[in-house]
Every structure is written in structure tokens, then in C-alpha cells.
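Worksheet: the structure to be examined is printed underneath.
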Amino acid sequence: MDEEQAIIRFLGTGTTVGAFEEDLHRRVVDVFSDAGASGLDRAVILRHLLRRWSLRDGRDVPVKILGALEESLRSHAAEVGLRQQPNGLWIARAWTPEWLETAGAAPDSACLAGTEGGTRFRRELIRADPFFHEITGFHTYTTSGQRAACRAVMTTPEGSTVIAMLPTGSGKTEIALCLAERSKFGLTIVIVPTVALAYDFERRFREHFAKKNPRIRPEELNFAWTGSTDETTRERFRNAIIQGQQRVLVTSPESMTRALRQTLLDAAAVGRLQGIVIDEAHLVTQWGRFFRPEFRTLADLRRDLLVRSEEAGYPRAITLLLSATLGAAEMQDLMDSFGRPGPCNPIVANALRSEPDIWISPSMSDEERASRVQDILLHCARPAILYVTKPDKAERWLGVLRAAGFSRVASVTGNTKAVERAAVLEGLRMAPGADRNLDLVVATSAFGLGIDYPHIRTVVHACLPETVDRWYQELGRGGRDGGVSAAFLLAAPGDEREAESLGVRVLSPDVARDRWFDIWGYRREVNGRTFVDLEGARGTVGRGDYNRRWNCQVVQGLIELGELEREQFNVEDLRELLGSDDVQVADWTAVKPIAAGLGVEAFWRERWEPWQRTEMGHSSAALTRIRDVSRILIPGCQGIAESYRPNEQLISDWGTRLQYMQPVGACGRCPSCRRAGVPVLDDPPPSPEQSWDVAKMELATLSSFVESARGVNGLTFVTYGTEYRDLARDVARKLIALGVRHLGGVEWPTSERMSAVLFTDEHPLSPSNLTPVSSFSFFRVNDRVSPRWLVRREKSRTNASGEAMLDILLVPQGSVLSGKHI
């Protein structure tokens, strides 16, 4: 009996045979078995299941419900669109709200997820390179962007930086693993913004290393260093790092720059640090500048670590920066902060997400919006997240929804304790041992990063996010399993003012000056360093919820204006401060004045005020864009794409290497596209330019071979008469020994291990898919040879490092290409 038959049997008999794997089937059984679930909870989940079948089959699909189960449905059936037919069977009616322009589409189409027709993100199934298969066990890459990023981190020189901007779902864990596997005795440290992400990475790394060594018990492997890690475990980590036995460690910016700082410096000095990974790297800019300054100090610590390794004569660590959402400001900031000493290599393959159907409906009043939100939540797929702007609104909505009859609902805001937030996530997952299971969460932006549950189906914004980027990140919590999701944006009067208050507001010169003198007046000197309190403010500036943000802004602004410099410090440096009961480690940071402007009254008008105007201008432009999207003045997909457009400076510096930073094409899934009849964009993510710096190789002998084979400017054609079984592999092995690293059209057995890192494309190469290493392509009798190979080279092909690359093509004797015999 398959799962669908089993769920039909459950609804008709109340009994199950075995456990269900599919998420919706599990949720149906759970909600009908949950004594705490309300009739409305059950009705909405049943509607989800019936609409899945109806949308899939193109007709109403009736189902029998056991009398004991259907009793709880009757009082809520009409409001969720359930109807019992005269024959006793139940169906779910289509939802066509008058207030939403649908253009013939189904606003509850997310119910289709879990079926073939509801699958949106499809793996490209690109054949894995030998090193990738050996490291991960996978036979294919997820996307061409993942392939390019993995190839880059495996071959880029020591001390270099790779910035990988790839769509969600591209497999960033595997990219980090490739970096970690470059050395068997070096540490790769992974920096994440939340505890939830740290434990998610730890779970994945446990699975990876246990799979590679079945004798290892996953639960015995530790990879996460968090605030709750006990001192015994921390000491084990320290010893393992220095001894080269800790391959990966996941931690926060705060722990890396403080508690782990000295250990990492010691590891760098003995050649034990080989990789630095920053996940969600856009937060270096978005959070680091005005919220969590430790993100900014990561660049300083990285610089010190590279210097320490170089001074000791060891290879410097490679830096990998991962993000799906880098705007021009974030990309430039990462290049400026982490691009030196270089080389720095962006691998960019951004694309509009294929999973969300976007629905936008501006409301004339808060009351009208509230009615529409409830209409959505009565009809749309579960699980769902309802986003609002402020904690008090989240609590108000929680009360409204409970009063309406929803029971399996909770809220998460910035005021929610970590243990409560974890419990909500466990409930949403229906994890074994969860306090209570949930189908709906009301949240502020605090419930975002770290949600590693892939089956969220609906995301509703009953607010106006301050930027398109934030909106896009939050609607992207849905559909992480690759299935269709729904994203609703419902703005109302007053939202713009509220969004403006959440954007970048920069203190006026007078207020900034007073706040700085207050901060500086209460500085503390410890071990030769000057510490300022980011949380407390005394004297002329009062305490408040935004106190830390304002203080961080003043300090960061003065750093960017060249008046201050951050200093590195260890937790031990704060022992004197920690002697006070009212001091928290995270409240303090070390700075050093490096210019004299702060002592001049004119500084605040002549320097601070222009900086203030620039920052406010960026924030105002971002607010205008999301406002226009929310009013359907511009297409939603256009607003998203424009948020990731590179600026002129980036284009000038990097050219075509950033050509896919801004997503290309209309989505076909937002209101403007549906109204215009734009076809649904179903293309795979783009293939990025495979250009990056590689470690220098000795190619003199290979160059001599190419010249002897009448090669011109590094390109030569070699012909063969009769193909025998291992011809291509025999030639490839000899060329690999001479320095070739990229094979095309050569069947390479995964069981054959090579000391060299090889790239192996399934088909012979064309000039457009070459990489920054020398190549060999094998063409069988019927293989097409790209005419572009005959375009006469003016000079040898060079990689990003300026080194000449060599390309050898083995073709059948007598081949004719563009009318010319080879």
C-alpha cells in the first residue's frame, strides 16, 4: 500500500499501517491524533490534502471521513471551503477571493507541493568531478554554480578568497566540505549567525563524517562551539585544533573573535588553519555595521591569521564567503574587507527562486488587511508563517488567531527566549518529543535565519518590510524542499512609516556627537586597550530598546570615516570588566582613535553629515522600491532583480564575472507577470563564468608537446584512426602527468583515485565552458566539434592569474569542421 492509499485509509477508518514519510501525510495523521488540535486546525489541514489532489487531477477529488473524525470538521467546513456531498464524501472547493487578482491562477497552488506537478526546483544533475564524488559521495552536482564554486575552492591559491553567490538550494554545505577536505590535518572554521544554524551544520557534518567512516557514531562527533558549550568540550576542541584532529568547527562571530581568537592564532602559527567560511555573508554588512560589530572584526582577525601563517612559513587559509543575497553594497563590502591580500574571486550565479508564487494586494485599511490575512490562513497550505513588524503586533495577531479557533499556532519575536524559539521550530517540524506540534507561526524578522525546516508552504507579510531584500529572504523560508510555495504581501496605510523606522536611520550630527562623547566618557582601559560600552549609555543619552543599535552606528560610522580603528582582543582582556555584576562580554568592544577629527567641532557637520545623507539615501531608495512592489507599480520580480544589480564600480572591476549577479528574466509568477501573460520562468540557474585564480603549475613539458603537435597559441588538434576502448583514458593519463586538469568527453571511473584535482565534463569541451586550467577533450566519431575552436587565437588563453593555459583536442582522423579538414 502506497502512502496515498494509506492516508485515504486513515481518513476512512482512523487507523494507520506503519509510519508516514511525506510531510503532509504526517501532518494529517498528527492533527487528527492531537487532542490539543482544534476543529479549525483539522479542517485547514484536510483542505490542504484535498486541494492537492484536486489541483493534481484537475477535478474535485472526494474522500470518505470516519464519523468520529468528521464531527470536529462540521462547524468549520464552510469557512475553509470544505463541503460534504449528499453521498457523504468530502471535497474542497477552489478558493477564488474577490479581493485578489488571480488571472486564472490558483492562489492555493502551494497545496500541490509533494506531487510531480508541484516540484519547482530541479537538480541539474551535472556529473560530479572525481574529487567531489570522493568527498561527498554524490554522483552529481546540484547546479552549475555549485560545481564552479567547488572547483574554485579546490584549486585557488593559498590565502585567496572565493565569494560564492548562489541560489538557495545549491548545496553550500558541500562547497564548505570541499574546502575542508583540501587538507587532512587542517581546521576549516565555519562562522554562522545563529545557534540554530550552528547545530544544523553540526548535524550535516556528523552525517558526512559518519558516512565516510561507519565505525564512528555520529552523536560522538562535535563540531559546534556555541555559548552553551561547556568548558570541558571547549578544551577538547582547543587541543584537537592544535593537534590537527579537528577538521571542521562551527561557531559565531563573537566566539571566533574572542574565546577562540588565541587558539586560532596558535593554530595558524603551526600550519593547522586551512579554511575560513562565512555563511550568510551578506550579514557582514547588514548586521555588522549597526547591530553585531563582531561581524566587522572577522576581517581584522582573518588578516592577523594570514599574517601569522605566512610569518611561520605555512600556507595561508583560504576564505569562502557564501550567500544567496548580495546586493551591490554587500558585494563591494566583502571585496573590500576580505579581498586583500588577494586574489579575490567571485563565483556568481544568481537566479529568481522558482518555488514561490507571489501574490500582492494593497489594502485600504488595517481592518481590510486583517480580513484578508484571515482569509488566506483559512485556505492556504501549511505550515505557514505570518510576518509582522513588531513584537506587540505579533502578540496581537496570536490572540486574534486563537480567538478565531486556531490552536496549533505560536509566536516568535525578538523578545522570545532561545529555548522557546527552539521549541517552536521543533513543533513546526513535528519533531519527536516536541512539547506541542504547530502548523502556523506569527513572527517578526527574528524568526528567519536558522529555520532549517524545508517544508514551509505559505509565507504571509501583513506589513511592509523595509527592503525588498528582507522581503525576499523571508518569503524564501518557504519551499526549501523544492516544492511550490505561496508568498503573500499585504501592505496597508501606515506601513511605510513603520518600515522607515526599521530602515537605516542615521543620527544627526548633534545627536551623534553627544552620543559619542557619552560613549567615550565611560570608556574603560584594560590591558592596554580601550573598551567602550555598546549597550549602556549614560549622562546625555538615555537607555532604550535601540540603544545598542545607535551606539554601534556611531562607532561604525567613525570607523568608516577613518577616525577610529577596531582592535582585536581576547575574552581574558575583559576579566576586569567581568568583575562587575552588570557587565556582559557582548556589550563591549575595543577601539583606538587614529585621527584628530573628533576633537574638532566642525567634524560633525563637515564629515558626519555627508555620511549621514549618503546612508539615508540608500535606505530611502530601498524603501521606495519595496513600496512600489507592494503597490504593484513595478513587477515583484523586477523589484527583486534590481535589488541585486551590480553598480558601475563592480562592473568596471569585474566585468562579465558578475553578469549573473542580477537575476535575468521575468518570473511569470508575480501579479504583473500573470496579468501580462508572461510565461513561467522554468530555466535552471545560470552557469557562471568559470574564471578564478589557480595555484601555479609547471606546464613547460605540456607546452613543448603542444608545440610539437603544431599547436598555435596553446591550442592543438590531435587526430586518431581507430578508437579502442581505453584510448581516451590512456591519452588522458599521460596528459594529466604533464599538467592537464580538465577533461571533457572522457569516461573517468570514480574508483580511480588521482592525487591531482581533476575536472571531468561528461561531454567534450567548447571554448565557452573552459576553466582556468589546461584541458583535454576527446571527440568520438559523431561528436560535434564547436566551430568556435577554429576562431584563430591572437594569443594563448590565460587564466585570472595571467598564466597561459593549453588545450588539446583529440578528434577522429578526417574530421571536417566548418568545411575545413582537421
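At position 43 of the sequence shown the residue is numbered 60 (my numbering), and the sequence of numbers has no breaks. Note that CB positions come from ideal geometry on N, CA and C, so glycine has one too.
Coarse secondary structure for residue i, derived from DSSP in three states
i, result
"Met-771", "coil"
"Tyr-489", "helix"
"Asp-296", "coil"
"Lys-609", "strand"
"Ile-468", "coil"
"His-759", "strand"
"Gln-573", "helix"
"Gln-291", "strand"
"Ser-382", "coil"
"Pro-652", "coil"
"Ala-516", "helix"
"Tyr-539", "coil"
"Asn-256", "helix"
"Asn-786", "helix"
"Cys-195", "helix"
"Ala-36", "coil"
"Leu-28", "helix"
"Asn-544", "coil"
Nearest-angstrom Cα separation, counted from residue j out to residue i
i, j, result
"Thr-430", "Ile-468", "14 Å"
"Val-436", "Met-348", "34 Å"
"Gly-500", "Val-45", "18 Å"
"Arg-278", "Lys-609", "19 Å"
"Arg-565", "Thr-767", "54 Å"
"Val-170", "Ala-463", "32 Å"
"Gln-101", "Pro-79", "9 Å"
"Phe-548", "Phe-586", "10 Å"
"Ala-329", "Arg-320", "14 Å"
"Asp-562", "Ala-130", "Because Asp-562 sits at a pLDDT of 45, beneath the cut-off of 50, its placement in the model cannot be relied upon, and the following sentence gives the value as read from the coordinates. Each residue's alpha carbon lies about 41 Å from the other."
"Trp-242", "Leu-507", "40 Å"
"Asn-454", "Trp-765", "49 Å"
"Cys-850", "Trp-304", "The chain is shown from 18 up to 839; residue 850 falls before or after that span and cannot be answered."
"Ser-424", "Ala-54", "6 Å"
"Ser-378", "Pro-688", "9 Å"
"Pro-103", "Glu-38", "33 Å"
"Leu-318", "Phe-240", "21 Å"
"Leu-823", "Phe-222", "38 Å"
"Trp-414", "Val-179", "43 Å"
"Leu-581", "Ala-529", "15 Å"
"Leu-266", "Ile-206", "5 Å"
"Arg-140", "Gly-154", "16 Å"
"Ala-345", "Pro-663", "5 Å"
"Asp-535", "Phe-620", "17 Å"
"Ser-785", "Asp-550", "54 Å"
"Pro-210", "Thr-336", "17 Å"
Outcome for residue i when other beta-carbon atoms lying within 10 angstroms are tallied against a minimum of 16
i, result
"Trp-709", "buried"
"Trp-896", "This structure cannot speak to residue 896, because the chain is shown only from 18 to 839."
"Gly-75", "exposed"
"Gly-556", "For Gly-556, the predicted structure reports a pLDDT of 47, less than 50, and the residue's modelled location is therefore unreliable. A value from the coordinates is still provided. Exposed, by the Cβ-count rule."
"Tyr-741", "exposed"
"Arg-487", "buried"
"Glu-198", "buried"
"Gly-634", "exposed"
"Pro-231", "exposed"
"Val-297", "Rather than Val, the amino acid found at residue 297 in this sequence is Glu. Result: buried."
"Glu-311", "buried"
"Phe-202", "exposed"
"Met-678", "buried"
"Pro-147", "buried"
Rounded Cβ spacing between residue i and residue j (contact assumed at less than 8 Å)
i, j, result
"Leu-204", "Ile-258", "5 Å"
"Leu-481", "Ala-448", "With a Cβ gap of about 33 Å, Leu-481 and Ala-448 do not count as contacting."
"Met-182", "Ser-340", "6 Å"
"Leu-395", "Leu-457", "Not quite, the Cβ-Cβ distance comes to about 11 Å (not below 8 Å), so this is no contact."
"Leu-524", "Val-571", "7 Å"
"Arg-642", "Ser-660", "7 Å"
"Leu-83", "Ala-60", "About 15 Å separates the two Cβ atoms, so there is no contact after all."
"His-736", "Val-802", "Residue identity check: residue 736 is Thr in the sequence provided, not His. Thr-736 to Val-802, Cβ: 12 Å. No contact."
"Ala-366", "Ser-161", "7 Å"
"Ala-683", "Leu-667", "23 Å between Cβ atoms; not a contact."
Query raised in the report: Are the region 372–389 and the region 398–413 touching by the rule of at least three beta carbon pairs closer than 8 Å?
Result: no
Query - Cβ contact check for the region 681–699 and the region 638–654: 3 or more pairs under 8 Å - result: yes
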